(Lines of atoms letter the chains of each structure in order from A and count residues from 1; the text may use other names and numbers.)
(Lines give C-alpha, C1' and ligand atoms only; values in the text may rest on other atoms or scores of the structure.)
Protein backbone atom coordinates (compact mmCIF):
# COMPACT_ATOMS: atom_id res chain seq x y z
CA UNK A 1 0.00 0.00 0.00
CA UNK A 2 2.85 2.44 0.66
CA UNK A 3 4.13 2.12 -2.89
CA UNK A 4 0.66 2.25 -4.44
CA UNK A 5 -0.33 5.37 -2.49
CA UNK A 6 2.92 7.20 -3.23
CA UNK A 7 2.81 6.49 -6.96
CA UNK A 8 -0.78 7.70 -7.06
CA UNK A 9 0.13 10.89 -5.18
CA UNK A 10 3.23 11.71 -7.20
CA UNK A 11 2.35 10.37 -10.65
CA UNK A 12 -1.43 10.21 -10.66
CA UNK A 13 -1.27 6.56 -11.71
CA UNK A 14 -3.17 3.81 -9.94
CA UNK A 15 -1.13 0.62 -9.65
CA UNK A 16 -3.33 -2.47 -9.39
CA UNK A 17 -1.77 -5.00 -7.04
CA UNK A 18 -2.27 -8.72 -7.45
CA UNK A 19 -2.80 -9.91 -3.87
CA UNK A 20 -3.21 -13.37 -2.38
CA UNK A 21 -6.84 -14.58 -2.30
CA UNK A 22 -6.68 -14.91 1.49
CA UNK A 23 -6.46 -11.11 1.66
CA UNK A 24 -10.06 -10.95 0.43
CA UNK A 25 -13.13 -12.22 2.25
CA UNK A 26 -14.71 -15.36 0.84
CA UNK A 27 -17.90 -13.47 0.04
CA UNK A 28 -16.04 -11.09 -2.23
CA UNK A 29 -13.35 -13.25 -3.80
CA UNK A 30 -15.44 -14.33 -6.76
CA UNK A 31 -16.72 -10.81 -7.34
CA UNK A 32 -13.21 -9.44 -7.13
CA UNK A 33 -11.86 -11.91 -9.66
CA UNK A 34 -14.62 -11.06 -12.11
CA UNK A 35 -14.22 -7.33 -11.57
CA UNK A 36 -10.70 -7.04 -12.89
CA UNK A 37 -12.03 -5.81 -16.21
CA UNK A 38 -14.41 -3.31 -14.62
CA UNK A 39 -12.16 -1.65 -12.08
CA UNK A 40 -13.48 -3.40 -8.98
CA UNK A 41 -11.91 -5.75 -6.50
CA UNK A 42 -12.41 -7.78 -3.37
CA UNK A 43 -11.83 -6.61 0.17
CA UNK A 44 -12.58 -7.07 3.80
CA UNK A 45 -10.34 -10.02 4.60
CA UNK A 46 -6.98 -8.32 4.68
CA UNK A 47 -6.75 -7.39 8.34
CA UNK A 48 -5.48 -3.85 8.85
CA UNK A 49 -5.25 -3.15 5.12
CA UNK A 50 -8.35 -2.62 2.99
CA UNK A 51 -7.04 -4.03 -0.28
CA UNK A 52 -10.12 -2.89 -2.16
CA UNK A 53 -9.21 0.74 -1.44
CA UNK A 54 -5.87 0.24 -3.16
CA UNK A 55 -7.41 -1.35 -6.24
CA UNK A 56 -6.03 -4.82 -5.58
CA UNK A 57 -7.48 -7.97 -7.13
CA UNK A 58 -6.94 -11.66 -6.26
CA UNK A 59 -3.82 -12.94 -7.96
CA UNK A 60 -4.20 -15.27 -10.92
CA UNK A 61 -2.83 -15.61 -14.41
CA UNK A 62 -6.20 -14.53 -15.77
CA UNK A 63 -6.20 -11.36 -13.66
CA UNK A 64 -2.68 -10.44 -14.79
CA UNK A 65 -3.68 -11.04 -18.41
CA UNK A 66 -6.76 -8.83 -18.09
CA UNK A 67 -4.95 -5.97 -16.39
CA UNK A 68 -2.07 -5.85 -18.86
CA UNK A 69 -4.38 -6.26 -21.83
CA UNK A 70 -6.09 -3.06 -20.71
CA UNK A 71 -2.78 -1.27 -20.28
CA UNK A 72 -3.16 -0.93 -16.51
CA UNK A 73 -0.21 -0.49 -14.17
CA UNK A 74 0.18 -3.75 -12.27
CA UNK A 75 2.08 -4.76 -9.14
CA UNK A 76 3.09 -8.40 -8.79
CA UNK A 77 5.07 -10.34 -6.17
CA UNK A 78 6.43 -13.41 -7.99
CA UNK A 79 7.74 -14.91 -4.74
CA UNK A 80 4.22 -15.35 -3.41
CA UNK A 81 3.52 -16.93 -0.04
CA UNK A 82 6.92 -18.63 0.26
CA UNK A 83 8.65 -15.28 0.06
CA UNK A 84 6.12 -13.43 2.21
CA UNK A 85 6.39 -16.04 5.00
CA UNK A 86 10.16 -16.55 4.83
CA UNK A 87 11.95 -17.35 8.06
CA UNK A 88 14.02 -14.49 9.45
CA UNK A 89 15.12 -16.97 12.13
CA UNK A 90 16.86 -19.04 9.46
CA UNK A 91 18.65 -16.13 7.81
CA UNK A 92 16.23 -15.76 4.91
CA UNK A 93 15.74 -11.98 5.22
CA UNK A 94 15.61 -10.18 1.88
CA UNK A 95 16.03 -13.35 -0.12
CA UNK A 96 13.82 -13.97 -3.14
CA UNK A 97 12.00 -17.28 -3.43
CA UNK A 98 10.76 -17.23 -7.00
CA UNK A 99 9.91 -20.44 -8.85
CA UNK A 100 12.64 -21.59 -11.21
CA UNK A 101 12.55 -19.76 -14.53
CA UNK A 102 12.37 -23.05 -16.42
CA UNK A 103 9.19 -23.96 -14.54
CA UNK A 104 7.33 -20.68 -14.23
CA UNK A 105 8.08 -17.57 -16.26
CA UNK A 106 4.42 -16.68 -16.70
CA UNK A 107 4.58 -13.01 -15.78
CA UNK A 108 7.41 -12.49 -18.27
CA UNK A 109 5.42 -14.23 -20.99
CA UNK A 110 2.30 -12.15 -20.34
CA UNK A 111 4.35 -8.94 -20.15
CA UNK A 112 5.93 -9.76 -23.51
CA UNK A 113 2.52 -10.60 -24.96
CA UNK A 114 1.35 -7.02 -24.32
CA UNK A 115 4.70 -5.26 -24.76
CA UNK A 116 4.61 -4.13 -21.14
CA UNK A 117 7.50 -2.38 -19.45
CA UNK A 118 8.77 -4.10 -16.29
CA UNK A 119 10.12 -1.97 -13.43
CA UNK A 120 11.77 -3.95 -10.59
CA UNK A 121 10.92 -2.41 -7.20
CA UNK A 122 13.10 -3.28 -4.21
CA UNK A 123 11.97 -2.55 -0.65
CA UNK A 124 13.93 -2.78 2.60
CA UNK A 125 12.67 -2.18 6.13
CA UNK A 126 9.55 -4.28 6.57
CA UNK A 127 11.39 -7.38 7.76
CA UNK A 128 12.80 -5.52 10.76
CA UNK A 129 9.32 -4.44 11.86
CA UNK A 130 8.59 -7.66 13.73
CA UNK A 131 10.22 -10.29 15.91
CA UNK A 132 9.54 -13.81 14.63
CA UNK A 133 8.76 -16.19 17.46
CA UNK A 134 7.93 -19.28 15.40
CA UNK A 135 8.49 -19.75 11.69
CA UNK A 136 6.15 -21.88 9.59
CA UNK A 137 8.13 -25.09 10.05
CA UNK A 138 8.33 -24.64 13.82
CA UNK A 139 4.62 -23.89 14.00
CA UNK A 140 3.72 -27.03 12.05
CA UNK A 141 5.99 -29.11 14.30
CA UNK A 142 4.08 -28.19 17.48
CA UNK A 143 2.12 -31.02 19.11
CA UNK A 144 -1.63 -30.83 18.42
CA UNK A 145 -1.55 -27.16 17.30
CA UNK A 146 0.64 -28.00 14.32
CA UNK A 147 -1.96 -30.41 13.00
CA UNK A 148 -4.70 -27.82 13.35
CA UNK A 149 -2.60 -25.26 11.50
CA UNK A 150 -1.93 -27.74 8.70
CA UNK A 151 -5.65 -28.47 8.36
CA UNK A 152 -6.43 -24.75 8.21
CA UNK A 153 -3.77 -24.19 5.55
CA UNK A 154 -5.25 -27.00 3.46
CA UNK A 155 -8.61 -25.21 3.45
CA UNK A 156 -7.17 -21.81 2.49
CA UNK A 157 -7.51 -20.57 -1.09
CA UNK A 158 -4.28 -20.71 -3.04
CA UNK A 159 -2.56 -18.18 -5.21
CA UNK A 160 -0.24 -20.78 -6.73
CA UNK A 161 -0.63 -24.57 -6.91
CA UNK A 162 1.29 -26.43 -4.22
CA UNK A 163 1.87 -23.45 -1.93
CA UNK A 164 1.66 -23.68 1.86
CA UNK A 165 -0.21 -20.83 3.52
CA UNK A 166 1.18 -20.95 7.06
CA UNK A 167 1.88 -17.57 8.60
CA UNK A 168 4.72 -17.38 11.14
CA UNK A 169 3.98 -16.21 14.69
CA UNK A 170 5.51 -12.77 15.16
CA UNK A 171 5.38 -9.73 17.44
CA UNK A 172 5.54 -6.17 16.08
CA UNK A 173 8.55 -4.01 16.85
CA UNK A 174 9.16 -0.28 16.70
CA UNK A 175 9.38 0.30 12.94
CA UNK A 176 12.55 1.53 11.35
CA UNK A 177 13.00 3.41 8.11
CA UNK A 178 11.74 2.03 4.82
CA UNK A 179 13.84 2.23 1.67
CA UNK A 180 12.54 1.80 -1.87
CA UNK A 181 14.41 1.63 -5.15
CA UNK A 182 12.79 1.64 -8.57
CA UNK A 183 15.10 -0.07 -11.02
CA UNK A 184 15.71 0.77 -14.65
CA UNK A 185 12.70 -0.05 -16.85
CA UNK A 186 13.00 -3.29 -18.79
CA UNK A 187 11.37 -3.26 -22.22
CA UNK A 188 9.74 -6.46 -23.44
CA UNK A 189 9.03 -5.46 -27.03
CA UNK A 190 11.89 -7.57 -28.37
CA UNK A 191 10.78 -10.74 -26.57
CA UNK A 192 8.58 -13.23 -28.37
CA UNK A 193 5.92 -14.40 -25.91
CA UNK A 194 5.88 -17.79 -27.67
CA UNK A 195 9.62 -18.30 -27.08
CA UNK A 196 9.94 -20.12 -23.74
CA UNK A 197 13.72 -19.63 -23.57
CA UNK A 198 13.44 -15.90 -24.24
CA UNK A 199 10.72 -15.50 -21.61
CA UNK A 200 12.78 -17.48 -19.08
CA UNK A 201 15.77 -15.22 -19.78
CA UNK A 202 13.60 -12.12 -19.23
CA UNK A 203 12.27 -13.61 -15.99
CA UNK A 204 15.82 -14.31 -14.77
CA UNK A 205 16.95 -10.81 -15.70
CA UNK A 206 14.21 -9.22 -13.60
CA UNK A 207 15.02 -11.51 -10.67
CA UNK A 208 18.74 -10.77 -10.90
CA UNK A 209 18.25 -7.00 -11.04
CA UNK A 210 15.88 -7.10 -8.07
CA UNK A 211 18.37 -9.11 -6.01
CA UNK A 212 21.09 -6.58 -6.83
CA UNK A 213 18.79 -3.70 -5.88
CA UNK A 214 18.05 -5.28 -2.50
CA UNK A 215 21.75 -5.65 -1.73
CA UNK A 216 22.32 -2.05 -2.79
CA UNK A 217 19.60 -0.77 -0.45
CA UNK A 218 20.91 -2.87 2.45
CA UNK A 219 24.40 -1.40 2.01
CA UNK A 220 23.02 2.13 1.83
CA UNK A 221 20.88 1.58 4.91
CA UNK A 222 23.94 0.57 6.91
CA UNK A 223 25.45 4.00 6.21
CA UNK A 224 22.27 5.98 6.95
CA UNK A 225 22.59 7.96 10.22
CA UNK A 226 18.80 8.32 10.34
CA UNK A 227 17.75 4.72 9.94
CA UNK A 228 16.66 4.50 13.59
CA UNK A 229 13.44 6.18 14.71
CA UNK A 230 14.68 8.49 17.49
CA UNK A 231 17.41 10.38 15.56
CA UNK A 232 15.05 10.78 12.61
CA UNK A 233 12.14 12.03 14.73
CA UNK A 234 14.36 14.47 16.62
CA UNK A 235 15.61 16.14 13.45
CA UNK A 236 12.22 16.23 11.75
CA UNK A 237 10.64 17.69 14.90
CA UNK A 238 13.26 20.45 14.87
CA UNK A 239 12.03 21.27 11.36
CA UNK A 240 8.42 21.46 12.62
CA UNK A 241 7.65 18.29 10.64
CA UNK A 242 7.89 20.28 7.43
CA UNK A 243 10.14 17.80 5.65
CA UNK A 244 11.80 14.44 6.01
CA UNK A 245 15.43 13.88 6.82
CA UNK A 246 17.45 13.07 3.72
CA UNK A 247 18.24 9.57 2.58
CA UNK A 248 21.17 8.80 0.31
CA UNK A 249 22.22 9.88 -3.13
CA UNK A 250 22.07 7.01 -5.65
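Residue numbers (the numbering used here): 3 to 252. Glycine included, every Cβ here is placed at the ideal spot set by N, Cα and C. What you are looking at is a predicted structure, and each value in this text was computed from that prediction instead of being measured.
Asked	Found
Where residue 1 falls: helix, strand or coil (DSSP)	The shown model of the chain, from 3 to 252, leaves out residue 1, and the question about it has no answer.
Residue 95 beta carbon less than 8 Å from that of residue 133	no
Proximity winner among 187, 175 and 165, relative to residue 101 (alpha-carbon distances)	165
N-terminal and C-terminal residue of the beta strand (DSSP E) that residue 174 is part of	171 to 174
Distance between beta carbons of residue 55 and residue 119, contact taken as under 8 Å	About 26 Å separates the two Cβ atoms, so there is no contact after all.
Sequence-distant residues of its chain with Cβ nearer than 8 Å to residue 175 (five each side left out)	130, 131, 132 and 133
Straight-line Cα distance separating residue 153 from residue 141	13 Å
Other residues of its chain near residue 161: CB distance less than 7 Å, five sequence neighbours each side excluded	22, 23, 61, 82 and 83
Contact under 8 Å by Cβ, residue 228 with residue 247	yes
Per DSSP, cross-strand counterpart(s) of residue 133	173
Expected contact under 8 Å - CB spacing of residue 87 and residue 138 to nearest Å	6 Å
Counted within 10 angstroms of its Cβ, other Cβ atoms place residue 29 as buried (16 or more) or exposed	Because residue 29 sits at a pLDDT of 39, beneath the cut-off of 50, its placement in the model cannot be relied upon, and the point is left open.
Beta-carbon gap between residue 123 and residue 182 smaller than 8 Å	yes
Assumed close pair residue 126, residue 210 - CB separation to whole angstroms, cut-off 8 Å	That belief does not hold up - the Cβ atoms of residue 126 and residue 210 are roughly 17 Å apart, past 8 Å.
Range of the contiguous beta strand (DSSP E) that encloses residue 189	Residue 189 -> no beta strand (DSSP E), and no H or E assigned at all.
Best match in 169, 195, 111 and 148 for proximity to residue 89 [C-alpha to C-alpha]	169
Whole-angstrom C-beta distance between residue 200 and residue 193, which should lie under 8 Å	5 Å
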